[in-house]
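Here's the structure, in structure tokens; my notes come after.
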Amino acid sequence: KEERVMELIRILQSYCVASGQSANFHKYGIIFFDNTFEEQKNFYSHLLGTQPLLHHAKYLGIPIAYGSSKSE
1 KEERVMELIR ILQSYCVASG QSANFHKYGI IFFDNTFEEQ KNFYSHLLGT QPLLHHAKYL
61 GIPIAYGSSK SE
């Protein structure tokens, strides 16, 4: 829900103010369930200022999502 995403953004902003650090949402990614509609993926990604990621996405060669792959 949009309210929960906005609350997440507020929490991260509060953390940034309290810690003196900053969050670069353009470096963030969000993983959606397979049955999530494209419109919802685009809406929430835009709201967060980030990009949707695939379940098999990797960072520094390590899978981002937990769970076992059926194909690997």
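Numbering (the UniProt record's numbering), first residue to last: 1 to 72. In this text, a Cβ means the ideal position worked out from N, Cα and C, and glycines have one as well. None of these values were measured; they are calculated from a predicted model.
Cross-strand partners of L12 (DSSP beta bridge)
Your numbering for residue 12 matches position 12 in the sequence shown. The beta-bridge partner set that DSSP reports for L12 is empty.
Using DSSP with H/G/I as helix, E/B as strand and the rest coil, what is K58?
Against the sequence shown, residue 58 aligns to sequence position 58. In the structure shown, K58 sits in a strand (DSSP, three-state: E or B).
Between I62, Q13, E2 and E38, which has its C-alpha nearest N24's C-alpha?
As a working mapping, residue 24 is identified with position 24 in the sequence shown. Checking every option, the nearest Cα to that of N24 belongs to Q13.
Which residue comes first and which comes last in the beta strand (DSSP E) that contains H51?
One-based indexing of the sequence shown puts residue 51 at position 51. Correcting the residue type first, residue 51 is Gln in the shown sequence and not His. If you look at Q51, you'll find it in the beta strand (DSSP E) that goes Q51 to L53.
Mind checking which residues open and close the alpha helix (DSSP H) that includes K1?
Here residue 1 refers to the residue found at position 1 of the sequence shown. K1 -> no alpha helix (DSSP H), and no H or E assigned at all.
Sheet register partners of G29 (DSSP bridge):
For the purposes of this step, residue 29 is taken as residue 29 along the sequence shown, with counting starting at 1. DSSP output for G29 lists Q51 as bridge partner(s).
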